[in-house]
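Chemist:
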Amino acid sequence: MDCRHHIFCHRHTQPRRRRITRAVRIGIGHDTHRLGPALPLKLGGVDIAHSHGLVGHSDADVLLHAVTDALLGAAALGDIGEMFPDNAPENRNRDSADMLRRALERVKAGGWRVVNVDCIVFAQLPKLSPYKDAIRRHIGELLEVPADCVGVKAKTGEHVGPVGRQEAMMAECVALIEKVDD
Ligand SMILES: [Zn+2]
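Residues in the sequence shown are numbered consecutively from 4, following the working numbering.
1. In whole angstroms, what separates the C-alpha of HIS53 from that of GLY114?
2. I need the straight-line Cα distance from PRO165 to THR159, nearest angstrom please.
3. Going by the C-beta, is ASP72 closer than 6 Å to any heavy atom of ligand 1?
4. Mind checking whether the beta-carbon of HIS33 lies closer than 6 Å to any heavy atom of ligand 1?
5. Taking Cβ positions, are ASP64 and ASP72 nearer each other than 7 Å?
6. For THR35, which residues of its own chain have a beta-carbon under 6 Å away from its beta-carbon, when the five flanking residues on both sides are left out?
7. Taking the continuous alpha helix (DSSP H) assigned at LEU111, which residues delimit it?
8. Which whole-angstrom value describes the C-beta separation of ALA77 and ARG28, a residue pair presumed to lie in contact below a C-beta threshold of 8 Å?
9. Is HIS68 near ligand 1, with its Cβ less than 6 Å from a heavy atom?
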């Protein structure tokens, strides 16, 4: 007998509850760097052709720094400044991709893996649309996820504020991580 027609059927008088057993965490990252003339510009680990570049102790990749902070935040592992102090000589001109890899190692050591990230780069110039796919692929490789798990959006500063006046670039990122089943 089909128990859907049985009024006292236990299975259908009790609401079915799907227990979510997978633990997930979300993290947010934000970063700002000043722009300076005749400096190399790297965003998301990709070289960008531009008259100006970002000023910083490391290679100043504002986007990878935001991604790194989002990842560390999701796992409650502090922030990029604690992990890589900007007064430490070994961090001078440091490759930000290396910093992100090391942060990911710490996150993975805690039993987590990345589900997806979504990022925004705030830059008045240059237009980033020609670079977006390369940036998504590269961040995906660094985070060990497919490129379709990496969102990259670009916003101008509408010619106002430090971004709009081309004094700075900013980046924001949210990251979702999940506990790896053992
Ligand atoms: Zn930074």
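From the three backbone atoms N, C-alpha and C, an ideal C-beta is built for every residue, glycine too.
Modeler: For this structure:
1. 40 Å
2. 11 Å
3. no
4. no
5. no
6. ALA171 and MET173
7. Strictly speaking, residue 111 in this sequence is Lys, with Leu absent from that position. Membership of LYS111 in the alpha helix (DSSP H) is indicated by the continuous run 99–112.
8. 5 Å
9. True, at least one ligand heavy atom lies under 6 Å from that Cβ.
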